[in-house]
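Engineer: Have a look at the structure that comes next, please.
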Ligand code: Q6P
Ligand code: ZN
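In UniProt numbering, the protein residues as written are 1 to 534.
Spelled out as structure tokens, the structure:
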């Protein structure tokens with residue numbers, strides 16, 4: 001099984017004076033870069049097709065489809081008038097044709113992934129889709145490629161839960177509106193917002209739009225209220241917002257609205273995240289849904305940054321190790337504020353943390369050995385250490401390990417942030433005897449940690465089978481929807497997170513006020529002290 005990419009060779013409008021950035025070169029530079037990096041030849045190329053009317057109608061009204069159908073026959077004047085009823089979109093006589101191919105390519109990708117022909121893939125298409133609504137074009141988008149594809153996948157393959165991750169720098173309000181009251185589709189978007197000062201300037205793009213009715217809790221907006229967000233800010237949101245919820249949700253299929261205007265140098269986004277961050281974002285998402293991931297191009301207007309980001313994404317989809325991260329620290333103040341707001345808006349629905357973690361043990365090997373020796377009587381059993389000379393030792397209580405929900409929340413909210421910031425050269429994986437960590441959870445942990453140390457991971461003991469499969473790039477099996485961890489585990493983890501966040505910025509997920517309030521609520525127990533003294 002291999003990865004695929006799909007490339008629409010049809011050239012869309014060129015040189016439209018109205019639109020200086022959404023240009024055909026976006027596709028050609030991406031494609032050329034994939035060829036030059038030797039990535040294109042490692043992919044399976046799948047023929048594209050046109051979408052049918054019935055498929056378009058999965059997300060659009062009949063009136064709107066009929067109206068767009070007329071555009072190829074319009075005069076330039078008529079096109080201009082037609083265009084003016086929508087926001088920031090430019091109709092060209094050829095765009096209806098291209099839009100049908102963009103959907104068709106996306107659906108071919110879904111079919112290839114769902115039938116197991118390939119493991120995952122990326123569709124390089126124009127025009128993009130995430131702003132398009134039931135009866136309206138918007139923001140360069142005619143039809144909503146990903147919304148149609150999500151409907152299509154649910155219908156065609158009897159899928160129960162779909163996750164859509166929109167890392168484009170603009171809010172995909174079209175996708176939000178399409179699934180707002182639908183609990184079977186979880187939509188996540190981060191976007192440049194600046195307190196509603198940035199396009200599309202919608203009140204509905206803020207963190208408090210969490211979904212409606214039955215879909216409450218299934219819409220996640222992370223507004224960026226400042227420009228200049230960096231790798232640490234993006235990772236923080238993944239660790240403290242998206243991944244904990246996504247694991248609890250347990251999707252059967254993941255879509256990425258893969259816009260790269262969230263990368264450095266983009267004239268729209270004005271963000272500072274580097275192209276290699278997309279390797280990590282991709283890697284982290286590959287652990288969900290048994291690796292079934294469909295990335296679909298949206299924005300990205302700095303041609304250099306775009307091409308590099310596309311390569312990072314495809315390379316990671318192909319299973320190459322993600323590049324080493326460096327200089328990670330905590331999120332900036334504004335990002336932290338957004339994270340805190342989203343987390344509290346979603347508290348009623350999600351975000352349940354669990355378990356405990358031991359920091360800062362220079363004699364971690366001793367500690368690990370000691371814990372292993374005492375594993376029958378000791379409440380805590382180490383399950384992993386990393387780096388040789390300055391180890392960090394993470395421990396989980398035996399009863400907590402059978403609680404997969406708690407274990408995974410600890411991994412996502414404590415272990416990953418800490419590990420990413422620490423930036424180890426080597427990851428050693430060890431499951432102590434009687435740790436209680438099940439095979440599936442272990443595979444997940446192994447797979448997630450392979451985003452570190454350029455994938456240099458050493459496993460050991462009887463977990464060899466699971467670890468080896470994961471090291472070979474087999475997707476970790478899904479754990480299924482996770483329930484709530486034990487309350488005492490949640491408290492223990494929150495205490496430790498708070499204590500450690502002064503040294504590890506990536507552990508931060510709340511502002512000063514919240515930290516102080518929680519400190520009063522929780523007192524340090526003797527058990528915690530024992531662990532820390534060890
Ligand atoms: C940006 C429109 C408006 C400027 C103010 C899938 C990709 C995108 C499109 C952004 C449209 N700029 N008049 O769409 O999200 O990158
Ligand atoms: Zn965009």
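Note that the Cβ used here is the ideal one computed from N, Cα and C, for glycine as well. Remember, it's a predicted structure, so these values are computed and weren't measured experimentally.
By a C-beta neighbour count over all protein chains shown, 10 Å radius and 16 as the cutoff for buried, is residue 100 buried or exposed?
Structural biologist: By the neighbour-count rule (16 or more Cβ atoms within 10 Å), residue 100 is buried.
Engineer: With distances taken from CA atoms, which of 306, 64, 160 and 248 is nearest residue 404?
Structural biologist: The residue with the shortest Cα to Cα distance from residue 404 is 248.
Engineer: What do you reckon, are the CB atoms on residue 313 and residue 295 nearer than 9 Å?
Structural biologist: Cβ atoms of residue 313 and residue 295: closer than 9 Å.
Engineer: Specify, as a first and last residue, the run of the alpha helix (DSSP H) that residue 247 falls within.
Structural biologist: That run of the alpha helix (DSSP H) goes 243-249.
Engineer: Using the Cα positions of residue 273 and residue 73, report the straight-line distance between them to the nearest angstrom.
Structural biologist: Computed Cα separation, rounded: 42 Å.
Engineer: With 16 as the cutoff for other CB atoms within 10 Å, does residue 348 come out buried or exposed?
Structural biologist: Flag for residue 348 reads exposed.
Engineer: Taking the runs of the alpha helix (DSSP H) that are 4 residues or longer, which of them lie wholly in the region 219-245?
Structural biologist: Entirely contained in the region 219-245, the alpha helix (DSSP H) runs reaching 4 residues are, in chain order, 231-237.
Engineer: When you measure from the CB of residue 167 to every non-hydrogen atom of the ligand Q6P, does any distance come out below 8 Å?
Structural biologist: No, the beta carbon of residue 167 sits no closer than 8 Å to any heavy atom of the ligand Q6P.
Engineer: Using the Cβ count rule (16 or more neighbours within 10 Å means buried), how would you classify residue 536?
Structural biologist: With the chain covering only 1 through 534, there is no way to say anything about residue 536.
Engineer: Thinking C-alpha only, which one of 28, 239 and 428 is nearest residue 421?
Structural biologist: Taking only the C-alpha atoms, the option nearest residue 421 is 239.
Engineer: Any heavy atom of the ligand ZN closer than 8 Å to the beta-carbon of residue 174?
Structural biologist: False, no ligand heavy atom lies under 8 Å from that Cβ.
Engineer: Inspect the beta-carbon positions of residue 43 and residue 318 and report whether they are closer than 9 Å.
Structural biologist: Taking 9 Å as the Cβ cut-off, residue 43 and residue 318 qualify as a contacting pair.
Engineer: With which residues is residue 457 paired in a DSSP beta bridge?
Structural biologist: DSSP lists 427 as partners of residue 457.
Engineer: Would you check if there are 3 or more beta carbon pairs closer than 8 Å linking the region 423-431 to the region 258-266?
Structural biologist: Counting Cβ pairs under 8 Å, fewer than three are found: no touch.
Engineer: Just checking, does the region 329-343 make contact with the region 44-63 on the three C-beta pairs under 8 Å criterion?
Structural biologist: Verdict: no, contact absent.
Engineer: Closest to residue 135 by C-alpha separation, out of 195, 225, 185 and 67, would be which residue?
Structural biologist: Measuring from the Cα of residue 135, the nearest candidate turns out to be 67.
Engineer: Count the other CB atoms within 10 Å of the CB of residue 174; is the residue buried (16 or more) or exposed (fewer)?
Structural biologist: By the 10 Å Cβ count, residue 174 comes out buried.
Engineer: Return the bridge partner residues of residue 166 from the DSSP annotation.
Structural biologist: BP columns for residue 166 point to 189 and 257.
Engineer: Once DSSP output is grouped into helix, strand and coil, what is the label at residue 161?
Structural biologist: Here residue 161 sits in coil by DSSP.
Engineer: Under 6 Å Cβ to Cβ from residue 234, same chain only, skipping five residues before and after it: list those, please.
Structural biologist: Result list for residue 234: 273 and 277, in chain order.
Engineer: Do the region 204-212 and the region 436-451 meet, that is, are 3 or more Cβ pairs less than 8 Å apart?
Structural biologist: No, the region 204-212 is not in contact with the region 436-451.
Engineer: State the CB to CB distance for the pair residue 166 and residue 187, rounded to an integer number of angstroms; the pair is presumed to be in contact (CB under 8 Å).
Structural biologist: Between residue 187 and residue 166 the Cβ distance is about 7 Å, and since that is below 8 Å, they are a contact.
Engineer: Quick one: is residue 389 buried, meaning 16 or more other Cβ sit within 10 Å of its Cβ, or exposed?
Structural biologist: Annotation note: pLDDT 39 at residue 389 (below 50); position unreliable, no value reported.
Engineer: Under the assumption that residue 184 contacts residue 160 (Cβ atoms under 8 Å), give the Cβ distance between them as a whole number of angstroms.
Structural biologist: Confirmed, about 6 Å.
Engineer: Evaluate residue 286 with the Cβ neighbour count: other Cβ atoms within 10 Å of its Cβ, from every protein chain shown; 16 or more gives buried, anything less gives exposed.
Structural biologist: Looking at its Cβ environment, which holds 16 or more other Cβ atoms inside 10 Å, residue 286 is buried.
Engineer: What do you get for residue 494, buried or exposed, if any count of 16 or more other CB atoms within 10 angstroms of its CB means buried?
Structural biologist: Buried, since its Cβ has 16 or more Cβ neighbours within 10 Å.
Engineer: Leaving out five residues before and five after residue 345 in sequence, what residues of the same chain have Cβ atoms less than 7 Å from its Cβ?
Structural biologist: Around residue 345: 207, 208 and 210.
Engineer: Tell me, which residues are paired with residue 490 by DSSP?
Structural biologist: Its beta-bridge partners do not exist; DSSP assigns none.
Engineer: At a cut-off of 8 Å, would you count residue 330 as near the ligand SAM, judging by its Cβ distance to the nearest heavy atom?
Structural biologist: Looking at this structure, you won't find the ligand SAM anywhere; what it does contain is the ligand Q6P and the ligand ZN.
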